[in-house]
Structures are given as C-alpha cells and as structure tokens.
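Student: For the sequence shown, the working numbering assigns the number -6 to the initial residue and increments by one for each residue that follows.
Glycine included, every Cβ here is placed at the ideal spot set by N, Cα and C.
Remember, it's a predicted structure, so these values are computed and weren't measured experimentally.
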Amino acid sequence: MESYKLHEVILNSEEKMPIIGLGTGTSPLPSNEALTSILVDAIDIGYRHFDTASIYGTEEPLGKAVSKALELGFIENRDEVFITSKLWCTDAHHDLVLKALKTTLKQALFSRTFSFKAVFFPSLILLFFIGIV
C-alpha cells in the first residue's frame, strides 16, 4: 500500500499532531488480532494519529500494531505516531489518577523486543468528566 503524509498542527507543547486521526472505539469490539491487523493497515496507508481509551479495550491492540508497524518498516520510530488516550471520569479522584495512568500504560505491555515506553506511550491524555446537567 502507498503511504501518504497527513497534515499536522503544532500544539503549544511544540508536539506535532496529525489533523486526521483514527478513533478505536467500536461496538462490537473485534478480536485483538483483527483490530491489531486493522490498525497496522491504517499505519501502512498513512494514519499517524490514533485515539484510544482503557474503557474501549483498544490500547493493547494499538500497542501491538505500532510494534508490528515498526517491525514491517511502516514507521521508523514511535515518535511518528500520535496517540491520544483518556483518563475516565471514575478515575479522576486524586487517589486513583496515577493508578489509572499506570494501567493505561500497562495495557499495551507485551513481550516484544521493543521497550514498553518506546512502543506505547500516549502523546496526550484527556480527562473525561461526564456529569448530569
């Protein structure tokens, strides 16, 4: 497949974020193997921004897809991929935040030759708080 370079914006942090991203939340959720394959194909055709969340159950397949894309040469390093994940509102209590963030990072931990941080380290964590108006 032919890869295309997507346009990016520069955030205040000077991090580059592709303006088009692929959301990974879906119902019903495909198997981890099928989702990993889909995400590898997305990287192959040029997607570099992925939105995930622990509640979606897609962080591990995304980590595996990034690893596979590195293996296949679709990307040269982890810095080419912008990953957005979320801290869910039930984890927003100050005693739960660190634990929830560690869980998010561990979701993509699997036995590969790549270091955990290099393969799956969110570029951005969003805090969701859904309340009753």
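Locate the alpha helix (DSSP H) running through THR29, then write down its first and last residues.
Tutor: Going by DSSP, THR29 is part of the alpha helix (DSSP H) stretching over 25 to 38.
Student: DSSP three-state label for LEU65, please.
Tutor: It is helical.
Student: Once DSSP output is grouped into helix, strand and coil, what is the label at SER47?
Tutor: Helix, per DSSP.
Student: Hey, could you find the ends of the beta strand (DSSP E) PRO11 is sitting in?
Tutor: 9 to 11
Student: What are the boundary residues of the beta strand (DSSP E) that includes VAL2?
Tutor: 1 to 3
Student: Is it true that the stretch 84 to 92 meets the stretch 54 to 73, where meeting means three or more beta-carbon pairs spaced less than 8 Å apart?
Tutor: no
Student: Mind checking whether ASP44 and GLY66 have CB atoms under 9 Å apart?
Tutor: no
Student: Within a Cβ cutoff of 8 Å, which residues of the same chain sit near ILE36, ignoring the five residues on either side of it in sequence?
Tutor: ALA58, VAL59, ALA62, PHE67, ILE68 and VAL74
Student: Go to SER78, then tell me how far its beta strand (DSSP E) extends in each direction, as first and last residue.
Tutor: 75 to 80
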